[in-house]
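Chemist: There's a structure below that I have some questions on.
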Amino acid sequence: MHFLTSNAPFIEPQNSIQKMMLWVLIALTPGIATMVWQFGYGVLANIVICATTALIAEAVMLSLRGRPIRPFLSDLSAVVTAVLLALALPTLAPWWLPFIGALIAIVIAKHLYGGLGYNPFNPAMIAFAILIVSFPKSMTVWVLPQSLLPTGTSFLDVFTPLTDQQAKKALIDAITAATPLDEMKTQLNLSKTVEEIRTSSIFGNLAGQGWQWVSIAYLIGGLVLMYKKIITWHIPAGLLFGLFIISFIFYLVEPSIKPSPLFHLLSGGAMLGAFFIATDPVTAAASLKGRFIYGLLIGMLTYIIRTWGGYPEGIAFAVILINMAVPLIDHYTAPRVYGHK
Amino acid sequence: MSSLILIILFAALGILLGYVAIRFKVEGDPLVDKIDAVLPQTQCGQCNFPGCRPYAQAIANGEADINQCPPGGEAGIAALADLLGVDPKPLNEENGVEKATMVAVIDEETCIGCKLCIQACPVDAILGAPKHMHTVIEAECTGCELCLPPCPVECITMEPVTQTLNLWQWDKPDASPQKKDAP
Amino acid sequence: MKLWRFNGGLPSLAEHKNESVHLPIETAPVPKQLIYPLGQHIGSPAKPLVKVGDKVLRGQKIANAQGAISAPIHAGSSGTVVSIADHLIPHPSGFSAPSITIQTDGQDNSIEFKPQPDFRQLPATELVQLIRDAGLVGLGGAAFPTAVKLNTQNKVTPIDTLILNGAECEPYISCDDRLLKERAHHVVEGIEILLYITGAKRAILAVEDNIPDTFTSIQQAVAQNGNGAICAVQIPTIYPTGGEKQLIQTLTGKEVPSGNIPADIGIVSTNVGTVYAVQQAIIEGKPLTSRIITVTGEGVKKPHNLEVRIGTPINALIDVCQGYTKHADRLIMGGPMMGFALLNDEIPIVKATNCILVASQQEVITEKQAMPCIRCGLCASACPVSLMPQQLYWYSQSDQLEKAEKLNLFDCIECGCCDVVCPSHIPLVQHFRYAKSALKVQKHEKHLSNIARERFEAREKRIAREKAERAERARKKKAALQKKPAKEEIEAAVSRSKAKKTPLEEKD
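Chains as they are written, first to last, in my numbering: chain W, 1 to 341; chain A, 342 to 524; chain E, 525 to 1032.
This is how it looks when you write it as structure tokens:
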């Protein structure tokens, strides 16, 4: 009897990209839910616009590049990029901001570099960086947390910025303010002390009002990802430790003008970055030792940009800059092979 | 004053660099040897040079391009491009095309023992004497085909090399998904 | 006993041992034909001793070892040699190679065996020679000639540990497990022989911890034997703990340096099936003519553990298992991780065969669509050799084979751990196999081109030399001519020829 042949191993693969991406999305849900609870439904609109644009852009790019569409779209990597970008954008951003962001992320930062697996820079962060540099005003229109709003926003308020210009201006004036990180940086530059700045109502007990809960929700999601072995502990631990240690040292030296490590860890994109953004496998270092160092460098660079750089939030630029260092990190952190010294 | 210090400093550094460049110069292989090591040594002359070493010499002198060698094929051009730090280019098909390795086989019924092929073979791979049977030593034949034109009775043919088990290669798997949909 | 852990591996590999682990060893009937590929071991192929038409008996040597690293082949049953010609061999290339085919006569007569129950009376070197003459090779799958492995007398490092590999880590295979359950005493006796030959101070018989009954059976046999140097150990069930290098690391914490063999660090490791064959060869004087294999999978009606004559065509074994089911999709020799698929069932069992897996479409995956590598690093975490499969993949795929070699591509044991964990479903092992074989061929071609260059340069030198010699001769001749006037030379030549002609003229 004759048989066809194929190659070993003949065992069913244990993992798939789709499964990994699905778990990332599941782990993001506590964070997204907390964002909705604290800052209204705007974030959902961003997610929908980003995700839809991303999928369509990816389909178009794949067909232009002559690649099969179904396997690449169904692996959900574009959706994850889109969601991460959406979470980094202001909740009341005009519709074209997430739209352009998603286009930049998928077309320029991903496919023009070769598609899945070939991009050297994190696509969501590239898009964020380009947006913040090109549209600084739209990118800094952040909504106050619900607890601080006079009336609270309703679901329909999400759509107001899309249409009526007058109502939009009134709405934005009423409910937006700087983020805690932004406020901290601006006030420090005006020679206030941390104590004084913290008395403002937008700061809570741990960090920023509302933002501290979102960060904790991302932390929970990240721990779920580690438990499911979708990510290892090295990058998050490296990033958070790096951010902690450098902020701790400066906090010890000058506590009056340097915010506490807890503030840094629970503000801005630190938790989101540690567990979801920096852990993007394509752009991170390859070996485990290398990953810890990669996280460490991002954490430290984030602090440097936040404190002395031009922007209040440093995660995006830190991630992009350390992405550039990844080949060097890989070269020096290759593991010792069995049987070699 | 400060510019004078800078001038003196840079001059000193320059002299130091020059001294180090001469004193610690590493003798590497001459370029011709390195190029010759990459060429397949078929000695066929398809590159329009009388052998691989003259072609290597010509490349080193900048008189010949790196894409003239069919037996070396695309892999050879890529290796030369890498060595010389230039861009690889497609094989110059005027010289020939890249083919699977073949060896010459003499039809012993037809051979007249004229010795012309023996004189033509650049690696002495043909065994024989005048008026005696000639035969190609398969292991030494490089497939250069230089013995085919001189043979007056056209008794030499090119055959593919016999596949042996210990030189069998696995096929290269497809690296990325193809345009067709998943089965 | 202290155990170490090697990097990576797959603890969660689906086992599928249940199909066959409870099946006792049955003896397969002698088939109508026995086929022996001459190159079925590492090293030089054996050279036939018989001709077509010769009658042979079971245990008779039909092919002799060629060179130091080689092994002889013995007939599995009595019969007549009907051909010594190319036959399809069990090799992934699908090639044919010279093989001896014997038509069995049904009598199953053997040669006279020469037992040596008192093996300690003989020097170790003589026992090694007996093992070589018995045709023993590693039955764990590598088929390395056992006599060469045991030739440790001249080693710089003395052997202090003997490791017996009963860690059958691949799914589906249970032949070593059954051997240890049913014939543990013979195996322990074999261990004693090996201890004597190698002079090792201790012997460790290792099995995985998912077969506790087998472990009990071994412990009983070791206790009954009473040799204090032998101990039985259970090791964690992690694929590929049965790989020689990984097993050595698990049991001793030592690593075999790259490019070296375990004997260089004082260790000899053999498969328990080989140990059983050593016992049979020395104590009972029986050369290697049969072995135990597992025939299993959803493609056969009734899986079996069989003691088969080496050389049995696979279809004879399928008949023992009551034939194929309608789901039979792949015929795999070996396990699902490192085995290879065969074209047809006329291919014979060789010494290295430990399992025939007739798999259905549900049991094994036959095609997977590869996505690009996402650099997740799961492969590096799973690699028992601590390589970086993703880096090796990038270089193999882009044909930068020298770079892959620098990253220790040749240390890869092709276990398949990286392949199974890859979320992009990249056929990593295939890429590495391709890269290794391409590098081997490249090196061979480089070697040939160096020879061609040398021949060419020698030829050029010879032609130049001949030319110079001719020029030298011509120059000398010209110089000689200039000394005497030409006219005198001509007159002298004319008178010489006249002197020759004159006697004839005078006669007339």
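We put the CB at the ideal spot given by N, CA and C, even for glycine.
Consider the Cβ of A:Ala523: report whether some Cβ of chain E lies at a distance smaller than 7 Å.
Modeler: Confidence at A:Ala523 is low in this model, with a pLDDT of 35, below 50, so its placement is unreliable and no value can be given for it.
Chemist: Given a cut-off of 7 Å on the beta-carbon distance, is the pair E:Ile624 and E:Pro572 in contact?
Modeler: Yes, the Cβ-Cβ distance between E:Ile624 and E:Pro572 is below 7 Å.
Chemist: Which residue wins for smallest C-alpha separation from A:Ala466, given the options A:Ala397, A:Glu481, A:Gly454?
Modeler: Closest option to A:Ala466, Cα to Cα, is A:Glu481.
Chemist: Quick one: is E:Val965 near chain A, going by C-beta distance under 7 Å?
Modeler: With 7 Å as the cut-off, E:Val965 counts as an interface residue toward chain A.
Chemist: State the Cα-Cα distance for the pair E:Thr670 and E:Arg656, rounded to the nearest angstrom.
Modeler: If you take the alpha carbons of E:Thr670 and E:Arg656, they lie about 7 Å apart.
Chemist: Return the first residue and the last residue of the alpha helix (DSSP H) that E:Glu713 is part of.
Modeler: 708–722 is the extent of the alpha helix (DSSP H) around E:Glu713.
Chemist: Would you call the region 919–933 of chain E and the region 543–558 of chain E in contact, with 3 or more CB pairs under 8 Å?
Modeler: The region 919–933 of chain E vs the region 543–558 of chain E: no contact.
Chemist: Mind checking A:Leu508: buried by the 16 CB within 10 Å criterion, or exposed?
Modeler: Exposed.
Chemist: From E:Glu929 to E:Val965, what distance separates their C-alpha atoms?
Modeler: Each residue's Cα considered, the two are about 14 Å apart.
Chemist: Please name the residue, chosen from W:Val194, W:Ala316, W:Ala325, W:Thr307, that lies closest to W:Tyr294 on a Cα-to-Cα basis.
Modeler: If we check each option's Cα against that of W:Tyr294, W:Ala325 comes out closest.
Chemist: What does the Cβ neighbour count give for W:Trp213, buried or exposed, with the cut at 16 atoms within 10 Å?
Modeler: By the neighbour-count rule (16 or more Cβ atoms within 10 Å), W:Trp213 is buried.
Chemist: Taking CB distances under 7 Å as the criterion, tell me whether E:Pro764 reaches chain W.
Modeler: It does not: the Cβ of E:Pro764 has no partner Cβ on chain W nearer than 7 Å.
Chemist: Pick helix, strand or coil for E:Trp528, following the three-state DSSP scheme.
Modeler: Residue state, collapsed to three classes: coil.
Chemist: Which of the residues in the region 299–311 of chain W, read from start to end, lie with their CB under 9 Å from any CB of chain E?
Modeler: For the region 299–311 of chain W, which is checked against every Cβ of chain E, not one residue is closer than 9 Å.
Chemist: Is the beta carbon of E:Val661 closer than 7 Å to that of E:Ala595?
Modeler: It is a contact, given that the beta carbons lie within the stated cut-off.
Chemist: Flag E:Tyr696 as yes if its beta-carbon sits less than 7 Å from any beta-carbon of chain A, otherwise no.
Modeler: By this cut-off, E:Tyr696 is not an interface position.
Chemist: When the Cα atoms are used, what is the spatial distance from W:Pro90 to E:Glu822?
Modeler: Those two C-alpha atoms are separated by around 57 Å.
Chemist: Suppose contacts are defined by Cβ-Cβ distances below 7 Å. Is W:Cys50 in contact with W:Leu4 by that definition?
Modeler: Contact: no.
Chemist: Which runs of the beta strand (DSSP E) at least 3 residues long sit entirely within the region 754–819 of chain E? Give them in chain order.
Modeler: Counting whole runs of 3 or more residues, the region 754–819 of chain E contains the beta strand (DSSP E) stretches 754–759, 791–795.
Chemist: Please classify W:Gly31: does DSSP put it in a helix, a strand, or coil?
Modeler: W:Gly31: helix per DSSP, three-state reduction.
Chemist: Under a three-way DSSP split, which group does E:Tyr560 fall into?
Modeler: If DSSP states are grouped into helix, strand and coil, E:Tyr560 belongs with the strands.
Chemist: Mind listing which residues of the region 600–625 of chain E have their C-beta closer than 9 Å to chain A's C-betas, in chain order?
Modeler: The residues in question are Ile613, His615, Pro616, Ser617, Phe619, Ala621.
Chemist: Give the DSSP-derived three-state secondary structure of W:Glu58 in the structure shown.
Modeler: Reduced to three states, the DSSP call for W:Glu58 is helix.
Chemist: According to DSSP, is W:Ile106 helix, strand or coil?
Modeler: It is helical.
Chemist: Where W:Ile315 and A:Ile407 are concerned, what is the direct C-alpha to C-alpha distance, given to the nearest angstrom?
Modeler: Cα-Cα distance, rounded: 48 Å.
Chemist: What does DSSP give as the partner residue(s) for E:Arg854 in the beta ladder?
Modeler: Beta-bridge pairing links E:Arg854 to E:Ala883.
Chemist: Pick out whichever of E:Thr776, E:Ala747, E:Pro614, E:Asn932 has its Cα sitting closest to the Cα of E:Leu686.
Modeler: That would be E:Thr776, whose Cα lies nearest to the Cα of E:Leu686.
Chemist: I'd like to know if E:Ala552 contacts chain W, where contact means its C-beta is closer than 7 Å to some C-beta of that chain.
Modeler: Not closer than 7 Å to any Cβ of chain W, the Cβ of E:Ala552 fails to qualify, so no.
Chemist: Please confirm if W:Ser6 has its CB atom under 7 Å from at least one CB of chain E.
Modeler: Closer than 7 Å: yes.
Chemist: What does the alpha-carbon distance come out to for the pair W:Val253 and W:Gly309?
Modeler: When rounded, the distance between both Cα atoms is 20 Å.
Chemist: What residues in its chain sit with their C-beta under 6 Å from that of A:Cys410, if we drop five residues either side in the sequence?
Modeler: Contacts found: Cys388, Gly417.
Chemist: Taking Cβ-Cβ distances shorter than 9 Å, what residues in chain W pair up with E:Asp935?
Modeler: Those are Val337, Tyr338, Gly339, His340, listed as they occur along chain W.
Chemist: Assign E:His968 to one of three DSSP states: helix, strand, or coil.
Modeler: Of the three classes helix, strand and coil, the one that applies to E:His968 here is helix, per DSSP.
Chemist: If you measure beta-carbon to beta-carbon, which residues of the region 475–503 of chain A are closer than 7 Å to chain E?
Modeler: So the close ones are Glu481, Thr483.
Chemist: So, E:Asp700 versus E:Gly767, is the Cβ gap smaller than 7 Å?
Modeler: No; because the gap between Cβ atoms is not below 7 Å, this pair is not in contact.
Chemist: Write down the C-beta distance between A:Thr498 and A:Val446 rounded to the nearest angstrom, noting that I regard them as a contact closer than 8 Å.
Modeler: Going by Cβ atoms, the distance from A:Thr498 to A:Val446 rounds to 6 Å, so yes, they are a contact pair.
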